[in-house]
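Written below as structure tokens is the structure these notes are about.
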Amino acid sequence: MFEPYRYARPRDPREAAALLASEPGAKALAGGTDLLVEMRARNLRPSLVVDLKGIAGLRGISRAGGRVRIGALTTVSDVLSSPRLAGGLAALRDAAAVFGCHEIRNRATVGGNLANASPGAEFSVPLMAFDAEVVVQGSEGPARSLPLGSFLLGPGRTALGPGELVTAVEIPGVDQDLRSAYRRRARTRGMDLASVSLAVVARRAGDPARRQVALSMGAVAGVPPRPAAAEAELSGATLTRERVARAGELLVAGLAPRATSLRATPGYKLAVLPVLLERILCDLGLVEEDGS
Amino acid sequence: MRGAIQVQINGRAYSFDANRPRSLLALLRDEAGLTGTKEGCGNGECGACTVLVDGLAVRSCLVLAQEVDGCAVETIEGLAAGGQLHPIQQAFVETAAVQCGYCAPGFIMAVHGLLGCNPRPSADEVRQALGGHLCRCTGYEAIERAVRLAVERLGAAKATVLGSTDHGL
């Protein structure tokens, strides 16, 4: 059922990185929910499978000051049940709640979801809006950190070198005044990838004049885009229905989702995104009702 | 890895060749002879191959055999004890939640995994846990009835063991 592979289960991130660098056919395995599908289809034929699950310290969620760190091997179920990801980081729990299905959530990891670099990856979309940083380890030297926007290069492509692995993702600026949410549309609720998705992150959410709104969209481009004009429209001002409607137009201006998507037409995606935006902003309590 | 995959399956110790490329599903069916676990899509889409690894429901088609070295695996064959069906299995029989039966082991193991973590799931939590399982016969409603019946009976059994008080279970 699979092409032959050798299997290694290193104990240390540098040892794992060295194994990944040791041969061109080496491939990292985290939860396996993407890798095994590709191996079965013979799209990937790794000569060496480097299982990262033997490495201690790569699973779990911690907070230091205003920074939240999510270990690469943290599972989607871990995200769903973590009290640290309530409140302002709710977008991550929103993403976890609709991710695959129960058994996939028990296995799939945050690091794997980012490294797989799908344009509609459930965690890439909110993490882009959080300005998250990806922590990457090679076989020598200290870990390096880069913005998720620089880490993701295109569908299935990342800035990871041949001997590097993702060890964590970090979210800066987590405080009491952070609000976020993530919504998607899919063909079925049970088990599907996103047809289109939107994340909203509001910093200094309680003060309209100082509020900064970040947006990120899934399954509309090779890398989840951050629509700067729509973000500017929603930042630093009271959010009236009119302003939200203008932001919705700016959100999709210039987007050209590919017509060959299996899940939704470009027209559907462009029509749905402004609706998702309005719903999320209302759900977050950021929209002023008329007359106020 | 070292020479053999050492794994507990349904409480029994097994040892398998570590070098052959195959999934946990293939290991269970072809090498352990435990054919109760079914292959549906083989791609993680249908849920028929669901088993528990260290107590958590996983799709055995999406796990390499080598990954379960040192783990405890539970399959549908491990549920019945002493000639008695497990209460979840019994509930599936009584509510006619099984027609062709091909998806049933996956559903039952998913329910078993859910109740292991959450003995009193809400209707929504049951739907969340089973939402990725396909059944083309029953229309799912009988399966939901089976889960409710199993939850009631297992809750009652636990309360009896603990004494007269419910202890919040």
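Same order as they appear, the protein sequences are chains A and B.
Sequential numbering from 65 applies to the first sequence in my numbering.
Sequential numbering from 31 applies to the second sequence in my numbering.
For each residue, glycine too, the CB sits at the ideal point set by N, CA and C.
Since the structure is predicted, the reported quantities are computational estimates derived from the model, not experimental observations.
| Asked | Found |
| --- | --- |
| Residues that DSSP places opposite A:A239 in a beta bridge | It is Asp, not Ala, that sits at residue 239 of chain A in the sequence shown. Per DSSP, none; premise fails for A:D239. |
| Between the CA atoms of B:T125 and B:R183 - distance to the nearest angstrom | 14 Å |
| Boundaries (first-last residue) of the beta strand (DSSP E) holding A:E155 | For clarity, residue 155 of chain A is Ala in the given sequence; the question names Glu instead. It is not in any beta strand (DSSP E) - A:A155 instead sits in the alpha helix (DSSP H) that spans 154-161. |
| Selected residue, minimal CA-CA separation from A:R208, among A:S214, A:L217, A:E87, A:V198 | A:V198 |
| Own chain, CB closer than 8 Å to A:S356, minus 5 neighbours either side, in chain order | Because the pLDDT of A:S356 is 48, which lies under 50, any placement of that residue in the model is unreliable, and the number read from its coordinates should be weighed accordingly. Hits under 8 Å: none found. |
| Contact under 9 Å by Cβ, A:A155 with A:P190 | yes |
| For B:V81: DSSP bridge partner residues | B:V88 |
| B:S194, buried or exposed, once every other Cβ within 10 Å from all chains shown has been counted against 16 | Bear in mind that the predicted position of B:S194 carries a pLDDT of just 43, short of 50, making it too unreliable to give a figure here. |
| B:F46 in three-state terms, based on DSSP | strand |
| Touch test, the region 105-125 of chain B against the region 135-149 of chain B, Cβ-Cβ under 8 Å, three pairs minimum | yes |
| Partners in chain B for A:F60, counting only beta-carbon separations shorter than 7 Å | Nothing about residue 60 of chain A can be reported from this structure: the residues present for chain A run from 65 to 356 only. |
| Backbone secondary structure at B:E182 - three-state DSSP | helix |
| Euclidean distance between Cα positions of B:S90 and A:R275 | 47 Å |
| Partners in chain B for A:Y246, counting only beta-carbon separations shorter than 8 Å | Here the premise fails: no neighbours, minimum Cβ distance about 17 Å. |
| Separation of A:A161 from B:V177, as counted between CA atoms | 21 Å |
| Min CB distance A:S146 to chain B below 9 Å | no |
| Residue of B:T105, B:C71, B:D99, B:V93 minimising C-alpha distance to B:L82 | B:T105 |
| Identity of the residue in A:A293, A:R251, A:A283 nearest A:R324 by Cα | The amino acid at residue 324 of chain A is misidentified as Arg; the sequence shows Thr. Considering only alpha carbons, the answer is A:A283. |
| Limits of the alpha helix (DSSP H) - the one that A:S86 falls within | 77-86 |
| Cross-chain neighbours of B:Q158 in chain A, by beta carbon under 7 Å | H166 |
| Close-in-space but distant-in-sequence residues of the same chain around A:I125 (CB under 8 Å, 5 per side omitted) | V132, R133, I134, G135, T138, D142, V143, S146, R148, L149 |
| Rounded separation between B:G113 and B:A180 - CA only | 18 Å |
| Rounded straight-line distance, which links the Cα of A:P272 to that of A:L345 | 13 Å |
| Span of the alpha helix (DSSP H) around A:R169 | 166-169 |
| Proximity winner among A:R305, A:R327, A:T304, A:V336, relative to A:L319 (alpha-carbon distances) | A:V336 |
| A:S280: first and last residue of the uninterrupted alpha helix (DSSP H) it sits in | From DSSP, A:S280 is part of no alpha helix (DSSP H) but of the beta strand (DSSP E) over 276-282. |
| CB contact below 9 Å: B:Q36 versus chain A | no |
| One or two residues paired with A:I125 in a DSSP bridge | A:I134 |
| Distance cut-off 8 Å: A:A160 Cβ against heavy atoms of the ligand FAD | The ligand FAD is absent from the structure shown, which contains no ligands of any kind. |
| Through-space distance from B:D60 to B:G72, alpha-carbon basis | 15 Å |
| Three-way DSSP call (helix, strand, coil) for B:Q119 in this model | helix |
| Against chain B: residues of the region 65-92 of chain A by CB proximity under 9 Å | M65, F66, E67, P68, Y69, R70, Y71, A72, R73 |
| Backbone CA spacing between B:A62 and A:T173 [nearest angstrom] | 29 Å |
| Test item: CB-CB of B:Q96 and A:R73 under 9 Å | yes |
| Proximity test, Cβ basis, 9 Å: B:A180 and chain A | no |
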